[in-house]
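Chains as they are written, first to last, in this note's numbering: chain A, 26 to 470; chain B, 5 to 249. Note sheet for the following structure.
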Amino acid sequence: MTAISKETVKPGFLMEELSDGSLVQQTFHADVDTINQISVQPYILETDDAAQIRFTLASKLGKESTTTQRIADLKNGEENAIVFSPSVEGKVEDEWTLTAEVTGKARLSLYAGDSVSTARFDVRVQTDGVLSIDGREQNGVLSMTVKGTRSLKGTRLFWPVALVLLVLCLLFLFLEMSRMRNGRRSILFYVGEVFRRYRYLIKMLVQRDFKVKYKASVLGVFWSFLNPLLMTGVYHFVFSNLFRSNIDNFVVYLMSGIILFNYFSEATNLGMMSIVGNSSLITKVYVPKYIYPVSRVLSSAINLVISFIPLFIIMALTGVPLRKSILLLPFVVIFLICLSTGMSLLLSSMHVFFRDTQFLWSILVTIWNFLTPIFYPESIIPAAFLKYYHMNPMYQICYFARTIILNGVSPTPITYLYCFVASFLPLIVGLLIFRKSQDKFALYL
Amino acid sequence: MDPIIRVSHVDMKFHMNMTRTNSLKEWFVQKARGKLRYEDFYALKDVSLEVERGEVVGIVGQNGSGKSTLLKVISGIYKPSAGEVVSAGRIAPMLELGSGFDYELSGEENVFLNGAILGFEESFLKAKYQEILEFSELGDFIHQPIKTYSSGMVMRLAFSVATLIEPEILIVDEILAVGDQHFQKKSLDRMMQLMSSGTTVLLVSHSIEQIRQLSTHCIWLDHGHVMMDGPTKDVCDAYDTYMNT
Chain A
26 MTAISKETVK PGFLMEELSD GSLVQQTFHA DVDTINQISV QPYILETDDA
76 AQIRFTLASK LGKESTTTQR IADLKNGEEN AIVFSPSVEG KVEDEWTLTA
126 EVTGKARLSL YAGDSVSTAR FDVRVQTDGV LSIDGREQNG VLSMTVKGTR
176 SLKGTRLFWP VALVLLVLCL LFLFLEMSRM RNGRRSILFY VGEVFRRYRY
226 LIKMLVQRDF KVKYKASVLG VFWSFLNPLL MTGVYHFVFS NLFRSNIDNF
276 VVYLMSGIIL FNYFSEATNL GMMSIVGNSS LITKVYVPKY IYPVSRVLSS
326 AINLVISFIP LFIIMALTGV PLRKSILLLP FVVIFLICLS TGMSLLLSSM
376 HVFFRDTQFL WSILVTIWNF LTPIFYPESI IPAAFLKYYH MNPMYQICYF
426 ARTIILNGVS PTPITYLYCF VASFLPLIVG LLIFRKSQDK FALYL
Chain B
5 MDPIIRVSHV DMKFHMNMTR TNSLKEWFVQ KARGKLRYED FYALKDVSLE
55 VERGEVVGIV GQNGSGKSTL LKVISGIYKP SAGEVVSAGR IAPMLELGSG
105 FDYELSGEEN VFLNGAILGF EESFLKAKYQ EILEFSELGD FIHQPIKTYS
155 SGMVMRLAFS VATLIEPEIL IVDEILAVGD QHFQKKSLDR MMQLMSSGTT
205 VLLVSHSIEQ IRQLSTHCIW LDHGHVMMDG PTKDVCDAYD TYMNT
């Protein structure tokens, strides 16, 4: 298993000026065992056409790789990716050394900093490395973004977590069995029974929602296709200049986020209205009321699956290979459906008693949208808030999906766990609240 | 034989909201002021009854006596505040025709949607579809969205779906005769046929003649209490006497 990490030292200040023959050396620790790219931010005062800067990356294993760049080719004041080919192998716990040597007639400086913004909390670049220019030690560390991979051999957490989950599942099954034996209605049995008995009704309601949605439109289902494309186009036009430099393949990053969040917002909005909207039925015919929000969430899920097709097309166009990891996408769909169902159950029962819920939710969902890294990189969030920021279930699901799509690897086991909690906890809370309040629905409709 | 419906000691209590709160803000404001008062209103009080398989039970009573509430409690729409309702069959409520229709969909799609809502399986509905279509006399219009139908056509379709699927328990709130004279007669005949064919029927009607004619057993509700429960003739006579004095 591999994890790709990307870690950034934020630019804080410029270090002292470099000229012909200057040698910058930076030692650092990073949570990776192979590095293939380091980005730096130069500030170029003057240069001629021939001046060069030579980067050498060396690991404690004795491996090293060198790349030479013409200074005139560097983008001034922006992040420039220095690609090391072949990539350099090392060890997670060892120190790495990056040296940069200037040759030719040029005057430039590099940004340095003293705080780290990581793209993910389970990998870190440490700021304990030493920065020196021509042997003289400097303050801070070079502002750089390290990109590398780490193979997760015998991942420490995987087996304990898997074991705990297995034990919990067995325990749950055992409890359910014993409840059934005692003649009490078990939740699992009840859910299965409802689904078996009302399978056809759910199917019809999902079909209805889907048919009615595009009934009068000329392009019909094609809109499920077109909508994410157009949205991505608009967001891309607006935001590409702001954030592009920090994100590889901004289009796919953006589109995956938009598709996932669109689904969440559509499903919860429709789900919220499902009880009040079907009030004429609920007050006339007995049907388990769970079916209304659940069928709405499921009918939106058809849209979600359809909108993966344009995503795959964009991936192909921008050169993201379709890898085995894409087979993990059903996990994303399941997590999203569970989360949306939970929220829909909660919102729809709230909405029966307080019709303000719909107005409140439209604001909340907008805030939620901004709290999720849809169109901006996570690295702009201050490190102090990251802990809270990561509690957002949509964040976890987006991260999961992007690891699969963009990096082409399975997320770390801990991410599975986070996503599991982030989607099933809201589902359980929603179910409990819905169950407690559903008997009163008919009185308030 | 076990009764198909057993209602035991059912209370149905409504909160009469003295201060109507429909918004979160209002609720908090009223709660803070301590003004959130409810007055309890009993639509049903200690109602018990049993219905045997195949019976046609008439329910009589004045307006506001709890007849419709009782039907809703039996069909599971309201959960009683106290007591218990046990029913051993599939209930098809005929409370308001066409409430499960989606006007964007075609007549055909609506037959299946409405059938599914009433709890029937796909195979059963497919088998019944032709019969429903013929009874409704809609012909080729069945493929048009029902928003293009006249109100009479919608009613005909709704009636056909509700009565042709032969439920185990049929709940009827006033006998409906819909459409033009020809269809009114046809639908009335259909209702009579259903009631005499062994289906268990709960029938609410203000027409005491219909009740006398159709039901085998009668219940008189007054202000949420069961005033009388017995053979149709006795109950109807007593009710008539009460109403005329």
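Idealized CB from N, CA, C, for every residue including glycine.
Minimum Cβ-Cβ distance from residue i to chain A less than 8 angstroms
{"i": "D244 of chain B", "result": "no"}
{"i": "F32 of chain B", "result": "no"}
{"i": "D233 of chain B", "result": "no"}
{"i": "S155 of chain B", "result": "no"}
{"i": "F116 of chain B", "result": "yes"}
{"i": "L109 of chain B", "result": "yes"}
{"i": "A120 of chain B", "result": "yes"}
{"i": "E43 of chain B", "result": "no"}
{"i": "K29 of chain B", "result": "yes"}
{"i": "E112 of chain B", "result": "no"}
{"i": "E59 of chain B", "result": "no"}
{"i": "E138 of chain B", "result": "no"}
{"i": "F18 of chain B", "result": "yes"}
{"i": "E56 of chain B", "result": "no"}
{"i": "E302 of chain B", "result": "Since the first residue shown for chain B is 5 and the last is 249, residue 302 of chain B is missing from the structure and cannot be characterised."}
Assigned exposure category for residue i - 16 Cβ within 10 Å defines buried
{"i": "I453 of chain A", "result": "exposed"}
{"i": "F128 of chain B", "result": "exposed"}
{"i": "K314 of chain A", "result": "buried"}
{"i": "V148 of chain A", "result": "Summary for V148 of chain A: the model assigns pLDDT 45, below 50, so the residue's position carries little reliability; its value from the coordinates is reported in the next sentence. Per the 10 Å Cβ criterion, buried."}
{"i": "R222 of chain A", "result": "exposed"}
{"i": "S462 of chain A", "result": "buried"}
{"i": "A321 of chain A", "result": "As written in the sequence, residue 321 of chain A is Arg, which differs from the Ala given in the question. When all chains shown are included, R321 of chain A counts as buried."}
{"i": "Q134 of chain B", "result": "exposed"}
{"i": "Q51 of chain A", "result": "buried"}
Cutoff 7 angstroms; reference residue i; Cβ partners in own chain excluding five residues on either side
{"i": "Y274 of chain A", "result": "In the sequence on display, residue 274 of chain A carries Asn and not Tyr. Contacts found: T343, V345, L431."}
{"i": "F146 of chain A", "result": "With a pLDDT of 38 at F146 of chain A, under the threshold of 50, the modelled position of this residue cannot be trusted, and the question is left open."}
{"i": "M232 of chain B", "result": "W224, V239, A242"}
{"i": "L353 of chain A", "result": "I429, S435"}
{"i": "Y420 of chain A", "result": "T397, P398, Y414"}
{"i": "M280 of chain A", "result": "P253, T257, L336, I339"}
{"i": "P7 of chain B", "result": "E54, V55, E56"}
{"i": "F187 of chain B", "result": "R160"}
Contact set for residue i: own chain, Cβ-Cβ below 8 angstroms, skip 5 residues either direction
{"i": "N105 of chain A", "result": "S64, V65, Q66, P67, Q94, L99"}
{"i": "P451 of chain A", "result": "C363, L364, G367, M368, L371, P418"}
{"i": "P84 of chain B", "result": "V14, D15, M16, L48, V77"}
{"i": "V472 of chain A", "result": "The first residue shown for chain A is 26 and the last is 470, placing residue 472 of chain A beyond what the model contains."}
{"i": "I422 of chain A", "result": "L285, V357, F360, L361, L364, C444, A447, S448"}
{"i": "V246 of chain A", "result": "Y239, I331"}
{"i": "L135 of chain A", "result": "L39, M40, L43, V49, V65, Q66, P67, Y68, A125, L167, S168"}
{"i": "F214 of chain A", "result": "E201, M205"}
Residues bridged to residue i [DSSP beta-bridge criterion]
{"i": "F53 of chain A", "result": "A:W121"}
{"i": "E162 of chain A", "result": "A:S157"}
{"i": "P97 of chain B", "result": "B:I175"}
{"i": "N105 of chain A", "result": "A:V65"}
{"i": "W224 of chain B", "result": "B:V64, B:M232"}
{"i": "T93 of chain A", "result": "A:R79"}
{"i": "H19 of chain B", "result": "B:D44"}
{"i": "A86 of chain B", "result": "B:D15"}
Residue i Cβ short of 7 angstroms to the ligand SAM heavy atom set
{"i": "A96 of chain B", "result": "The model on display carries no ligand, and the ligand SAM is accordingly not part of it."}
CB contact below 8 angstroms: residue i versus chain B
{"i": "T308 of chain A", "result": "yes"}
{"i": "A106 of chain A", "result": "no"}
{"i": "F146 of chain A", "result": "Confidence is the limiting factor: at F146 of chain A the pLDDT is only 38, short of 50, which leaves the residue's position unreliable and the question unanswerable from this model."}
6 angstroms Cβ shell around residue i - same chain, five flanking residues per side excluded
{"i": "T440 of chain A", "result": "F425"}
{"i": "G433 of chain A", "result": "R348, S350"}
{"i": "A76 of chain A", "result": "I96, G129, K130, A131"}
{"i": "V205 of chain B", "result": "V60, L174, M199"}
{"i": "F80 of chain A", "result": "T92, I107, A125"}
{"i": "D119 of chain A", "result": "K85"}
Within chain E, partners of residue i - CB distance below 9 angstroms
{"i": "E213 of chain B", "result": "Absence of chain E from the displayed structure is noted, the protein chains being A and B."}
Interface residues of the stretch 75-106 of chain B facing chain A [CB-CB below 8 angstroms]
K76, S79, G80, I81, Y82, K83, I95, P97, L99, E100, S103, G104, D106
Of the residues that make up the stretch 369-396 of chain A, which ones have a beta carbon closer than 7 angstroms to any beta carbon in chain B?
In summary, the residues of the stretch 369-396 of chain A whose CB is separated from some CB of chain B by less than 7 angstroms are F379, R380, D381, in the order they occur in the chain.
Residues within the stretch 220-248 of chain A neighbouring chain B, beta-carbon criterion of under 7 angstroms:
Y225, L226, M229, R233, K236, V237, K240
Check distances from the C-beta atoms of the stretch 283-315 of chain A to those of chain B and list, in chain order, the residues that come in under 8 angstroms.
S305, L306, I307, T308, K309, V310, Y311, V312
Beta carbons nearer than 7 angstroms to chain B: which residues of the stretch 441-470 of chain A have them?
D464, A467, L468
Quick one: which residues of the stretch 146-178 of chain B get their C-beta closer than 9 angstroms to a C-beta of chain A? List them in chain order.
Correct list: P149.
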